[in-house]
Amino acid sequence: MNPKTLSVLALAIAALTLTACGEKKAETNTPKAAVAPSLELSANDVFTVAESTIQAGVTITGQLDALNHTSVQAQVGSNVAKVLVREGESVKAGQVLMLLATQDLSSRLRQAEAALASAKAEAILAKAVQERNELLYKEHYVSDIDYKRGVAEALARAENVKAQESLVAIARKALNDAVVNSPMNGIIAKRYVQAGQTVAMNAPLFDIVDLTELELTAIIPAEQVAALKVGQSVIFTVQGFSESFTGKVSRINPVAEAGTRAVAFYAKVPNPQLTLKAGLFVQGRLAISNSETGLVIPNTAIRYDEQKQPYVWTLAQQKLIKQVVSLGTVDNTRNQTLIKTGLKAGDVVVLAQLTAQVANMPIKMAE
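If you count the sequence shown from 1, position 192 lands on 198 in the numbering used here, and the numbers rise without skipping.
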């Protein structure tokens with residue numbers, strides 16, 4: 007190949023090389039299309055609007071106590087002969103709980119009965135003397151003073167019989183009280199005595215509670231008192247129990263508590279299975295309005311603009327749309343609100359906290 011041909015070939019190769027480099031550089035400098043910003047939400051960040059029942063309520067805390075309870079006390083002083091029940095045992099009305107020693111009590115009864123018999127004999131004699139003197143008085147064989155003395159003696163002996171009868175009744179009751187019976191159906195909550203112990207009159211022996219119906223004592227804030235009515239339902243939970251329990255308001259304290267100005271109320275709680283125990287602390291809600299059915303959403307979905315107008319963020323065609331709403335009943339105890347207007351069933355509202363700048367922003371749901 008001659009030198010002229012080589013020169014032409016070299017120039018051609020150089021031209022091709024420059025052209026290729028220019029095309030590559032042009033491709034590198036071509037600007038890419040801008041990617042629109044989007045917001046990624048998870049399933050926990052949204053809520054699908056649906057019909058539900060709502061009822062305004064207020065959160066309460068309180069304590070359960072036995073509605074019916076009693077303290078059994080000794081009606082007579084004596085030594086404890088035998089205790090027949092223990093704490094936690096169920097008892098029936100009239101069931102024997104304890105026996106007291108009866109030796110001294112029996113002796114006192116016999117003494118009282120003997121004194122009564124003597125009093126009756128003296129009364130009979132005094133009455134006979136008084137009747138004889140009455141006959142002699144009519145015949146003027148007995149002076150007026152002796153006659154009146156006989157009448158007074160007969161009356162005194164008759165009154166002494168009544169007094170001795172009372173002492174016999176007291177002694178017999180004391181002997182009967184040596185057998186201590188349960189005054190009600192219930193459960194032994196506390197036993198204060200042991201066999202061999204000496205108890206005085208009115209000493210506490212047992213505490214008995216009836217758990218078939220409990221009473222919840224709770225307080226309600228002053229601003230909610232106007233809505234509190236007898237018969238309202240109370241729903242509550244107790245630590246350690248998975249289920250919830252119900253009661254009805256039965257009494258309302260007429261005086262607010264000093265300092266807090268809260269008002270105490272009392273609710274009867276049926277407990278036929280004896281599931282709940284007296285003394286437990288509870289948490290719950292008190293319904294303060296009638297129930298309504300409508301579109302209900304979580305309170306966390308509701309925002310307010312500068313004019314205090316409520317609104318929500320909704321998802322429409324994969325974009326965020328600001329939607330003004332009007333609110334109905336609010337139940338803060340269950341974190342939900344009734345929506346009167348602005349939404350329909352099936353709408354999706356956003357629970358996550360967003361700013362006004364996200365309006366119309368595309369949404370991507372996380373997998």
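Note that the Cβ used here is the ideal one computed from N, Cα and C, for glycine as well.
Keep in mind it's a predicted model, so treat the numbers as computed, not measured.
Neighbour-count burial assignment, residue i, 16 or more Cβ in a 10 Å radius
{"i": "residue 61", "result": "buried"}
{"i": "residue 221", "result": "buried"}
{"i": "residue 237", "result": "exposed"}
{"i": "residue 160", "result": "buried"}
{"i": "residue 170", "result": "buried"}
{"i": "residue 226", "result": "buried"}
{"i": "residue 277", "result": "buried"}
{"i": "residue 47", "result": "buried"}
{"i": "residue 163", "result": "buried"}
{"i": "residue 287", "result": "exposed"}
{"i": "residue 261", "result": "exposed"}
Simplified DSSP state of residue i, which is helix, strand or coil
{"i": "residue 175", "result": "helix"}
{"i": "residue 199", "result": "coil"}
{"i": "residue 308", "result": "coil"}
{"i": "residue 291", "result": "strand"}
{"i": "residue 156", "result": "helix"}
{"i": "residue 168", "result": "helix"}
{"i": "residue 263", "result": "coil"}
{"i": "residue 257", "result": "strand"}
{"i": "residue 93", "result": "coil"}
{"i": "residue 72", "result": "strand"}
{"i": "residue 191", "result": "coil"}
Close-in-space but distant-in-sequence residues of the same chain around residue i (CB under 8 Å, 5 per side omitted)
{"i": "residue 95", "result": "193 and 194"}
{"i": "residue 350", "result": "55 and 301"}
{"i": "residue 293", "result": "61, 62, 63, 238, 239, 240 and 241"}
{"i": "residue 202", "result": "85 and 86"}
{"i": "residue 122", "result": "167, 170, 171, 173 and 174"}
{"i": "residue 315", "result": "330"}
Close-in-space but distant-in-sequence residues of the same chain around residue i (CB under 6 Å, 5 per side omitted)
{"i": "residue 52", "result": "354 and 356"}
{"i": "residue 135", "result": "156"}
{"i": "residue 231", "result": "269"}
{"i": "residue 272", "result": "221, 223, 256 and 257"}
Integer-rounded CB distance, given that residue j should sit under 8 Å from residue i
{"i": "residue 343", "j": "residue 303", "result": "6 Å"}
{"i": "residue 321", "j": "residue 369", "result": "6 Å"}
{"i": "residue 167", "j": "residue 125", "result": "5 Å"}
{"i": "residue 78", "j": "residue 212", "result": "4 Å"}
{"i": "residue 80", "j": "residue 188", "result": "With a Cβ gap of about 14 Å, residue 80 and residue 188 do not count as contacting."}
Same chain, Cβ closer than 7 Å to residue i, five either side skipped, listed in chain order
{"i": "residue 105", "result": "87, 88, 184 and 185"}
Per DSSP, the bridge partner or partners of residue i
{"i": "residue 371", "result": "47"}
{"i": "residue 327", "result": "320"}
{"i": "residue 224", "result": "68 and 271"}
{"i": "residue 104", "result": "89 and 186"}
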